[in-house]
Amino acid sequence: MSRIIALIDMDCFYAQVEQRIRPELWGKPMAVSQISAGGSASIMLAITYEARAFGVKRGMSVKEAKKVCPSLEICMVPNLPTMNKADLSRYKSASDEVFDILTKQESIILEKASVDEAYLDITEAVEIACNAESSEQIIERFMTHAAEFFPSTFIADGEDEKLESDQRLARIIKWLDEDCRMDSLQLNLAIGAYLIEKIRKEIFTKTQFRCSAGIGINKIIAKLVCARHKPNQQTIIPPQFVAKVYETTPINSVRNLGGKLGKALTDTFGIKTMADLQMVPKEQILHEFPEQSIWLFKIMQGNDDEPIRPRLQQKSLAISKNFPGVYKLRSVAGVEKWVTNLSAEFSKRLYEDQVVNQRTALNLTISFRNDEGFYNKTVPLNSYVNIGIINNLLSFMRSYNKAGDKEAWHPPIKNISMSASRFREGVDSQTKQITLWAEKAIQRSLTPNENETKPRELNEPVTSKCVTSTETKKKRSDSFKTVDHIPQPSTSKQSEQPELIQLDSDDEIGYEIVSSKNENDLKMERRPFYYRDVVNDEFNENYNEIQTSVNESSMHSEQNPREKDIPLTERSAIMSRYMPKNLDDLKNGEIKDMIEQLPEDIKQEVMHYCTVQDAREMKAKRTQKHETLKRSKRKSSDTAAGPEKKISDFFKTKSSKIG
Ligand code: TTP
Numbered sequence: 001m002s003r004i005i006a007l008i009d010m011d012c013f014y015a016q017v018e019q020r021i022r023p024e025l026w027g028k029p030m031a032v033s034q035i036s037a038g039g040s041a042s043i044m045l046a047i048t049y050e051a052r053a054f055g056v057k058r059g060m061s062v063k064e065a066k067k068v069c070p071s072l073e074i075c076m077v078p079n080l081p082t083m084n085k086a087d088l089s090r091y092k093s094a095s096d097e098v099f100d101i102l103t104k105q106e107s108i109i110l111e112k113a114s115v116d117e118a119y120l121d122i123t124e125a126v127e128i129a130c131n132a133e134s135s136e137q138i139i140e141r142f143m144t145h146a147a148e149f150f151p152s153t154f155i156a157d158g159e160d161e162k163l164e165s166d167q168r169l170a171r172i173i174k175w176l177d178e179d180c181r182m183d184s185l186q187l188n189l190a191i192g193a194y195l196i197e198k199i200r201k202e203i204f205t206k207t208q209f210r211c212s213a214g215i216g217i218n219k220i221i222a223k224l225v226c227a228r229h230k231p232n233q234q235t236i237i238p239p240q241f242v243a244k245v246y247e248t249t250p251i252n253s254v255r256n257l258g259g260k261l262g263k264a265l266t267d268t269f270g271i272k273t274m275a276d277l278q279m280v281p282k283e284q285i286l287h288e289f290p291e292q293s294i295w296l297f298k299i300m301q302g303n304d305d306e307p308i309r310p311r312l313q314q315k316s317l318a319i320s321k322n323f324p325g326v327y328k329l330r331s332v333a334g335v336e337k338w339v340t341n342l343s344a345e346f347s348k349r350l351y352e353d354q355v356v357n358q359r360t361a362l363n364l365t366i367s368f369r370n371d372e373g374f375y376n377k378t379v380p381l382n383s384y385v386n387i388g389i390i391n392n393l394l395s396f397m398r399s400y401n402k403a404g405d406k407e408a409w410h411p412p413i414k415n416i417s418m419s420a421s422r423f424r425e426g427v428d429s430q431t432k433q434i435t436l437w438a439e440k441a442i443q444r445s446l447t448p449n450e451n452e453t454k455p456r457e458l459n460e461p462v463t464s465k466c467v468t469s470t471e472t473k474k475k476r477s478d479s480f481k482t483v484d485h486i487p488q489p490s491t492s493k494q495s496e497q498p499e500l501i502q503l504d505s506d507d508e509i510g511y512e513i514v515s516s517k518n519e520n521d522l523k524m525e526r527r528p529f530y531y532r533d534v535v536n537d538e539f540n541e542n543y544n545e546i547q548t549s550v551n552e553s554s555m556h557s558e559q560n561p562r563e564k565d566i567p568l569t570e571r572s573a574i575m576s577r578y579m580p581k582n583l584d585d586l587k588n589g590e591i592k593d594m595i596e597q598l599p600e601d602i603k604q605e606v607m608h609y610c611t612v613q614d615a616r617e618m619k620a621k622r623t624q625k626h627e628t629l630k631r632s633k634r635k636s637s638d639t640a641a642g643p644e645k646k647i648s649d650f651f652k653t654k655s656s657k658i659g
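Sequential numbering of the sequence shown, starting at 1, is according to the UniProt record's numbering.
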């Protein structure tokens with residue numbers, strides 16, 4: 001049986017994420033914007049279809065966008081609290097919600113293509129549906145209930161883009177009746193389209209996010225038509241219509257032809273569309289593109305064997321920051337500050353990955369670019385603790401600092417990156433999960449109220465009026481699930497000057513860096529801001545101790561098994577800074593709420609931890625009481641010695657007298 005492949009792509013994804021947070025923005029022209037490189041302008045990243053109708057485009061500045069659409073609402077991509085870098089976690093969490101739904105679908109193979117895009121091989125699911133009923137029964141049912149089963153499906157036949165909405169359904173019924181009855185492949189595509197309608201509906205019901213889809217016999221074909229009827233609709237492309245669709249398909253819009261190869265084809269043959277390419281004699285293609293020719297011949301016919309690779313995880317985890325132009329790092333303090341900031345964020349992501357994917361990275365690649373070149377090295381990643389990463393990166397970078405002046409850095413730094421790779425399965429049994437939970441829970445408790453939304457209708461027109469009332473609470477996304485790499489536009493604000501680091505409007509929060517006088521002293525990191533308001537002052541003292549002890553632990557000790565990298569005492573010291581102090585603390589409102597959100601196994605661990613703490617405390621109290629009692633006894637026996645002695649002497653005397 002021919003494969004049935006679908007591509008599901010979320011509509012204006014970041015915009016929908018923001019709209020869910022601010023439901024009054026549903027249905028409005030709005031865009032998500034991010035500060036561009038240098039921090040001077042704000043550019044459009046994600047644009048709702050209502051705003052696109054006005055001509056707002058990705059990459060426009062706020063000024064340009066407002067000019068074409070004065071009513072445009074703009075949401076900014078938030079910055080990480082610890083540094084001037086985009087915080088994409090809310091989009092990643094939203095993406096995880098969608099992928100949670102997709103992974104639970106039975107009998108499909110899922111390949112995550114990007115933060116908001118997935119390929120699905122639904123061949124087996126279609127086969128199962130086929131076996132449940134006869135073809136005739138399926139076709140009859142589909143035709144009778146076409147409006148219900150195919151509420152947003154189009155058939156890409158070259159004429160579909162001109163269809164009025166009332167003609168769409170008639171076209172589907174005709175196709176079911178004429179083509180699907182005659183050809184099992186067409187019927188399989190129809191069943192596939194029905195299954196994808198159901199999956200998209202489920203995504204909407206559970207997340208409020210709309211998406212579009214393309215359904216065909218391979219990835220290239222599915223991708224080709226996925227955006228054909230965006231937003232909130234899907235398109236089937238039966239093989240007989242590929243040639244027709246190719247007539248208007250620019251070469252560079254085909255999957256894998258968007259880059260150099262596509263450009264080379266158009267330049268070499270002076271062509272524009274896939275139909276043009278089909279007209280080029282095969283010998284010429286073979287001559288000009290011998291290595292790619294076999295693949296090109298296939299896709300020219302609409303064929304493509306590329307399998308769906310079951311994949312949800314990235315092979316590596318990376319963080320990178322550019323320092324363009326005037327923002328190049330020219331001072332030791334600037335370099336140390338950014339290495340520290342980035343390492344802290346990187347370390348956090350590693351812990352998150354560990355929890356979500358139950359795996360541990362073994363290699364750390366650190367790299368930087370200066371005015372003279374690009375330098376990198378890979379070392380064993382023996383610990384996720386950020387101070388180790390800082391040590392490694394700084395010592396590597398220092399060996400390239402040629403500045404005569406002690407405080408300067410030369411050649412100036414243009415980029416700093418770190419990446420973790422070579423993952424092994426499993427997580428050390430120690431309590432890293434709790435560490436992560438605590439960080440997340442604290443962060444969540446400080447996140448401004450993430451709102452209430454009213455469910456909207458899947459097929460409610462996109463341009464409908466905005467929803468203003470609130471009924472249902474938005475389910476908090478599970479922030480333990482942060483998996484994907486988001487295409488990072490190189491547009492985040494850069495700064496070398498500490499005063500340019502954006503602090504929260506409440507000046508008490510921010511990221512504090514204390515530069516070290518001694519080059520080798522790396523104890524310059526302070527906790528990220530969000531701990532401060534939640535954890536009491538003891539944390540501060542603990543933190544310095546922790547940093548000292550972790551600093552001493554060996555990052556390079558290859559002979560040490562990973563589990564032993566951080567001695568237990570250090571681990572428990574790290575843990576203790578996050579943990580509730582005892583069972584009483586667990587009953588406290590804020591912490592209680594956090595505990596409720598925990599996965600069951602972590603909850604058990606926290607309870608156990610507190611029970612042990614309580615037992616210790618009680619033991620300590622008992623011992624103290626005992627000691628106090630003993631002391632007071634001793635004391636009273638000392639002070640009572642006089643009269644008691646006198647009494648016993650009296651009796652002795654008495655008895656001896658009586659005797
Ligand atoms: P896309 O799927 O390319 O676009 P989109 O979801 O906004 O809109 P469409 O309905 O046309 O699919 O990207 C997904 C998200 O990724 C997008 O909402 C914002 C983000 N993104 C960037 O941050 N930078 C980029 O350069 C691109 C292309 C996307």
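Built from N, CA and C at the ideal position, the CB exists for glycine as well.
Source: prediction; values computed, not measured.
query, result
"For a test of your reading of the model: does the CB of residue 660 fall under 7 angstroms from any non-hydrogen atom of the ligand TTP? Yes or no.", "The structure shown has nothing for residue 660, since the chain only spans 1 to 659."
"Quick check on DSSP: helix, strand or coil for Pro380?", "strand"
"Let's see if you can read the secondary structure: which residues bound the alpha helix (DSSP H) around Ile138?", "135-144"
"What number of angstroms, rounded off, separates the C-alpha of Lys57 from the C-alpha of Glu407?", "44 angstroms"
"What's the C-alpha gap between Arg255 and Arg3?", "18 angstroms"
"Run the CB neighbour count on Glu570, radius 10 Å, all protein chains shown included, and call it buried at 16 or more, exposed below.", "Model confidence at Glu570 stands at a pLDDT of 42, short of 50, so the residue's coordinates are unreliable and nothing is read from them."
"Tell me whether the beta-carbon of Met397 lies closer than 8 angstroms to the beta-carbon of Leu342.", "no"
"Could you tell me the distance, in whole angstroms, from the CA atom of Arg622 to the CA atom of Thr628?", "10 angstroms"
"Residue range of the alpha helix (DSSP H) that Glu335 falls in?", "First, the amino acid is wrong: residue 335 is Val here, not Glu. Here the alpha helix (DSSP H) through Val335 covers 332-357."
"How far does the beta strand (DSSP E) with Ile236 in it extend, from its first residue to its last?", "234-236"
"Secondary structure at Met10, three-state DSSP: helix, strand or coil?", "strand"
"Can you find the residues in the same chain that come closer than 8 angstroms, C-beta to C-beta, to Val339, ignoring five residues on each side of it along the sequence?", "Ile390, Leu393, Leu394, Met397, Ile416"
"Leaving aside the five residues before and after Arg168 along the sequence, list all residues of the same chain whose C-beta is less than 7 angstroms from its C-beta, in chain order.", "Phe154"
"Hey, Val385 and Ser347: beta-carbon distance below 8 angstroms or not?", "yes"
"Taking a contact to mean a Cβ-Cβ separation below 8 angstroms, would you say Leu224 touches Thr207 in this structure?", "no"
"For Arg171, which residues in the same chain have their Cβ closer than 7 angstroms to its Cβ, ignoring the five residues on either side in sequence?", "Ile155, Leu163"
"Between Tyr327 and Lys321, what straight-line distance do the alpha-carbon atoms span, to the nearest angstrom?", "11 angstroms"
"For Ala146, which residues in the same chain have their Cβ closer than 8 angstroms to its Cβ, ignoring the five residues on either side in sequence?", "Leu169, Ile172, Ile173, Leu176"
"Just checking Phe269 against the ligand TTP - is the residue's beta carbon closer than 7 angstroms to any of the ligand's heavy atoms?", "no"
"Quick check on the burial criterion: 16 or more other C-beta atoms within 10 angstroms. Buried or exposed for Phe209?", "buried"
"What did DSSP end up calling Gly388 once you bin it into helix, strand or coil?", "helix"
"Please name the residue in Cys130, Arg311, Val62, Val280 whose C-alpha comes closest to that of Ile112.", "The sequence given here places Lys at residue 112; Ile does not occur at that position. That would be Arg311, whose Cα lies nearest to the Cα of Lys112."
"Quick check: the Cα distance between Gln19 and Lys201, rounded to an integer number of angstroms?", "18 angstroms"
"Is it right to say Phe374 is buried, meaning 16 or more other beta carbons lie within 10 angstroms of its own, or is it exposed?", "exposed"
"I'd like to confirm something about Glu161: is its beta-carbon nearer than 7 angstroms to some heavy atom of the ligand TTP, or not?", "no"
"So what does DSSP say about Thr48, is it helix, strand or coil?", "coil"
"Identify whether Val462 lies in helix, strand or coil by the three-state DSSP scheme.", "Residue confidence is low: Val462 scores 46 on pLDDT, short of 50, so the model does not pin down where it sits. Its coordinate-derived value is still stated next. Correct three-state label for Val462: coil."
"Quick check: is any heavy atom of the ligand TTP less than 7 angstroms from the C-beta of Val332?", "no"
"Name the two residues that bound the continuous alpha helix (DSSP H) containing Tyr91.", "89-103"
"Say yes only if the C-beta of Val115 is nearer than 7 angstroms to one or more non-hydrogen atoms of the ligand TTP, and no if none qualify.", "yes"
"Based on Cα-Cα distance, which residue from Glu617, Lys625, Asp11 lies nearest to Gln233?", "Asp11"
"Return the first residue and the last residue of the beta strand (DSSP E) that Val326 is part of.", "Run containing Val326: none; DSSP gives neither H nor E here."
"Considering only residues of the same chain and omitting the five flanking positions on each side of Thr378, which have a CB-CB separation below 6 angstroms?", "Asn363, Thr365"
"Taking DSSP as the reference, what is the three-state secondary structure of Pro412?", "strand"
"Give me whichever residues DSSP pairs with Gly216 in a beta bridge.", "Ile5"
"On the premise that Ile251 lies in contact with Met279, defined as a C-beta separation below 8 angstroms, what is that separation, rounded to the nearest angstrom?", "Rounded, the Cβ-Cβ distance is 12 angstroms, inconsistent with contact."
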